[in-house]
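Here the structure is laid out as structure tokens; the discussion comes afterwards.
Protein chains: 2
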Amino acid sequence: MELWFSEPHTKNVKLSIRVNRQLYSGESEFQRIDVFESPEFGRFLTLDGYMMLTEKDEFIYHEMMVHVPLAVHPNVKNVLVIGAGDGGVVRELVRYDTIEHIDMVEIDPMVVQVCREYLPFTTTGLDDPRVSIRYEDGLKFVRRCEDAYDLIIVDSTDPFGPGEGLFTKEFYGSCYKALHADGIMVNQHESPFYDEDVAAMQRTHARIVQSFPLSRLYQAHIPTYPSGHWLFGFASKKYHPLRDLREAEWNARRLSCRYYTTTLHKGAFYLPAYVEEMLVDVEPEC
Amino acid sequence: MELWFSEPHTKNVKLSIRVNRQLYSGESEFQRIDVFESPEFGRFLTLDGYMMLTEKDEFIYHEMMVHVPLAVHPNVKNVLVIGAGDGGVVRELVRYDTIEHIDMVEIDPMVVQVCREYLPFTTTGLDDPRVSIRYEDGLKFVRRCEDAYDLIIVDSTDPFGPGEGLFTKEFYGSCYKALHADGIMVNQHESPFYDEDVAAMQRTHARIVQSFPLSRLYQAHIPTYPSGHWLFGFASKKYHPLRDLREAEWNARRLSCRYYTTTLHKGAFYLPAYVEEMLVDVEPEC
């Protein structure tokens with residue numbers, strides 16, 4: 001039998017993955033949720049037909065969301081994670097024994113249930129006693145917070161559908177307010193390659209720049225995301241992602257990673273010329 | 001009408017590109033050659049059905065093949081280019097007025113003819129008076145050379161079919177001999193992501209390590225190549241790709257690039273942990 005999952009990356013290009021079988025398909029209040037098993041990527045999760053993670057390459061995304069800010073901020077104790085229902089971000093966070101509390105705010109409880117059942121390799125951190133899972137809209141949750149967190153990680157879906165509010169100027173303003181005076185916000189920031197993604201990426205960056213004094217993008221190779229060239233935002237009140245990188249200190253933790261190293265950390269911020277150019281109009285010097 | 005070109009990246013994953021029309025299809029003595037026009041990537045060239053280049057992202061590959069060694073070697077005068085029938089590598093090379101001569105050795109004259117006609121954006125350098133095009137087997141050509149070049153660029157197809165000889169230990173040994181005492185060899189080095197590519201990448205690296213005292217890999221985001229994470233080999237008799245990077249000197253040339261910058265140059269050598277690990281057994285310290 002030939003069974004293929006295809007995701008259109010634009011209306012003119014698509015990536016197709018051979019599927020052994022569909023493990024789950026359901027519709028929550030917010031979105032359609034599917035889990036597949038594939039020979040190339042192992043299990044993978046899609047929301048509304050968009051690839052969220054695969055067993056083979058999820059380590060890249062999750063390591064880059066977590067270890068980059070943790071190697072810069074000297075003292076992360078309280079973390080807010082928005083979205084991230086698959087648990088991958090929390091799994092990386094709970095590896096730090098210096099973190100005291102993690103609030104994970106996910107709008108869709110069904111995503112967490114499905115991942116616990118079908119993707120246990122991402123949910124291992126969710127039962128850590130330091131983790132509180134709150135099922136509500138991240139936009140509304142963060143509005144109520146003030147000077148509460150050292151780090152906010154925004155692990156959202158794309159800037160349409162349920163995740164749309166997590167790409168607004170109001171949301172970034174609320175995150176700024178929710179952070180301590182030396183806080184950092186990291187978010188998934190789309191791709192610089194296809195025109196539609198570029199527009200979203202520039203708009204997002206422009207909005208973050210309005211809220212945070214320092215805003216930089218960094219990149220990773222994520223083969224199952226559109227173009228494979230994915231960006232993350234590093235927005236900060238105080239620390240610079242390179243000048244304040246605490247390389248020796250992070251390496252002394254002896255956390256073994258499969259993608260992240262403190263050397264790679266630096267290279268992740270060295271963007272191609274065409275990406276730098278896309279940011280020129282929206283990024284102030286710092 | 002729906003017309004799609006699909007390339008299997010493994011037998012379980014494929015990338016598909018919508019096509020407006022096929023501009024050329026022919027069979028040379030060595031391979032099948034096709035040119036298509038697409039809404040997303042502009043024109044693109046395939047050899048035996050494998051993607052060689054697209055109008056939209058070829059700049060990444062060609063800039064990374066050429067400007068990385070040119071920013072390290074202080075005095076490149078004579079260059080040997082093997083393969084590269086599309087002309088993209090030569091187009092970047094002829095931007096350096098300090099280069100005196102370029103031998104381009106391409107086995108298949110039909111590739112050059114087809115590219116001249118259908119992909120004129122890559123062939124602009126081929127008529128430069130410093131360029132000699134030789135239609136012969138690169139493996140045989142380089143056997144006859146001794147102490148003749150400052151730089152060899154191996155822009156081959158994959159390690160099977162007509163390009164197979166360009167991945168042998170004998171070939172790398174000949175390249176070593178063909179280079180001056182401070183020469184550099186750069187080659188396309190496959191991807192670290194899918195198992196089949198990994199095997200080819202490790203085998204290639206092991207063979208280069210046996211011929212050159214210094215061998216390093218660097219990476220780029222090339223969306224239309226398998227996984228989008230592509231590697232290049234930097235093999236050198238003397239210069240280190242980072243310690244000998246002549247940043248100010250290269251920037252003083254004022255060559256405007258769309259992907260390459262001397263900052264990105266450094267990051268390109270900062271590989272993910274899992275790629276470093278793949279090289280541990282074959283890469284000696286240096």
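Those protein sequence lines, which keep their order, are chains E and D.
Take the first sequence: its letters are residues 1 to 286, numbered as in the UniProt record's numbering.
Take the second sequence: its letters are residues 1 to 286, numbered as in the UniProt record's numbering.
Virtual Cβ for every residue (Gly too), placed ideally from N, Cα, C.
Check: Short CB-CB distance (under 9 angstroms) between E:Arg18 and chain D; Outcome: yes
Check: Minimum C-alpha distance to D:Lys140 - residue among D:Gly83, D:His62, D:Met185, D:Pro241; Outcome: D:Gly83
Check: C-beta atoms of E:Asp150 and E:Asp128 nearer than 9 angstroms; Outcome: no
Check: Short CB-CB distance (under 9 angstroms) between D:Glu285 and chain E; Outcome: Residue confidence for D:Glu285 is low, a pLDDT of 44 falling below 50, so the modelled location carries little weight; the figure read from the coordinates is stated next. Not closer than 9 angstroms to any Cβ of chain E, the Cβ of D:Glu285 fails to qualify, so no.
Check: Best match in E:Val112, E:Asn20, E:Glu247 for proximity to E:Met1 [C-alpha to C-alpha]; Outcome: E:Asn20
Check: Reduced DSSP category for E:Met110 - H, G, I as helix; E, B as strand; rest coil; Outcome: helix
Check: Residue nearest to E:Tyr96 in terms of C-alpha spacing, selected from E:Glu249, E:Gly267, E:Thr263, E:Tyr225; Outcome: E:Glu249
Check: Beta-carbon separation (whole angstroms), D:Gln219 vs D:Ala273, contact threshold 8 angstroms; Outcome: No, D:Gln219 and D:Ala273 are not in contact; Cβ-Cβ is about 13 angstroms, not under 8 angstroms.
Check: Bounding residues of the beta strand (DSSP E) (the contiguous stretch that carries E:Arg143); Outcome: No beta strand (DSSP E) holds E:Arg143; the alpha helix (DSSP H) holding it covers 138-143.
Check: Classification of E:Val76 by the beta-carbon crowding that lies within 10 angstroms, buried from 16 upward; Outcome: buried
Check: Members of the segment 37-68 of chain E near chain D, C-beta cut-off 9 angstroms; Outcome: Ser38, Pro39, Glu40, Phe41, Lys56, Asp57, Phe59, Ile60, Glu63
Check: Backbone CA spacing between E:Pro39 and E:Trp230 [nearest angstrom]; Outcome: 24 angstroms
Check: Continuous beta strand (DSSP E) stretch holding E:Gln22: start and end; Outcome: 21-27
Check: Element boundaries [alpha helix (DSSP H), containing D:Asn251]; Outcome: 247-252
Check: E:Gln210 in three-state terms, based on DSSP; Outcome: helix
Check: C-alpha distance - D:Glu92 paired with D:Thr123, whole-angstrom precision; Outcome: 10 angstroms
Check: Assigned exposure category for E:Asn251 - 16 Cβ within 10 Å defines buried; Outcome: exposed
Check: Between the CA atoms of E:Val111 and E:Thr46 - distance to the nearest angstrom; Outcome: 10 angstroms
Check: CB contact check: E:Ala273 to chain D, cutoff 9 angstroms; Outcome: yes
Check: Residues in the segment 175-196 of chain D having any Cβ partner in chain E nearer than 7 angstroms; Outcome: Phe193
Check: 8 angstroms contact criterion, which E:Glu146 and E:Ala178 should meet: CB distance rounded; Outcome: 6 angstroms
Check: Residue(s) in a DSSP beta bridge with E:Ala71; Outcome: In the DSSP output, where bridge partners are listed per residue, E:Ala71 has none listed.
Check: Spatial neighbours of E:His101 in its chain, beta-carbon cut-off 6 angstroms, leaving aside the 5 residues before and after; Outcome: Asn78, Arg130
Check: Closer than 9 angstroms to chain D by CB, E:Val198; Outcome: no
Check: Cβ contact check for the segment 57-65 of chain D and the segment 213-228 of chain D: 3 or more pairs under 8 angstroms; Outcome: yes
Check: Residues within the segment 212-229 of chain E neighbouring chain D, beta-carbon criterion of under 7 angstroms; Outcome: His221, Pro223, Ser227, Gly228, His229
Check: Whole alpha helix (DSSP H) elements within the segment 173-242 of chain E, 4-residue minimum; Outcome: 195-211
Check: Chain D contact for E:Gly233 (CB, 9 angstroms cutoff); Outcome: no
Check: Pick from E:Ile208, E:Thr261, E:Pro162, E:Gly125 that is closest to E:Lys237, judged by C-alpha positions; Outcome: E:Ile208
Check: Alpha-carbon spacing of D:Asn12 relative to D:Tyr194, whole angstroms; Outcome: 10 angstroms
Check: Residue environment, D:Cys286, which counts as buried when at least 16 other CB atoms sit within 10 Å; Outcome: The predicted position of D:Cys286 is uncertain, since its pLDDT is 44 and thus under 50; no value can be drawn from it.
Check: Under 9 angstroms between C-beta atoms of D:Asp108 and D:Phe30; Outcome: yes
Check: C-beta neighbour in chain D for E:Arg258, strict 9 angstroms; Outcome: yes
Check: Nearest neighbour of E:Met52, chosen from E:Val66, E:Val35, E:His67, E:Val68 [CA to CA]; Outcome: E:Val35
Check: Nonlocal neighbours in the same chain, by C-beta distance under 6 angstroms from D:Leu3, ignoring five residues either side; Outcome: Val19
Check: Beta-carbon separation (whole angstroms), D:His221 vs D:Leu245, contact threshold 8 angstroms; Outcome: Not a contact, Cβ separation roughly 20 angstroms.
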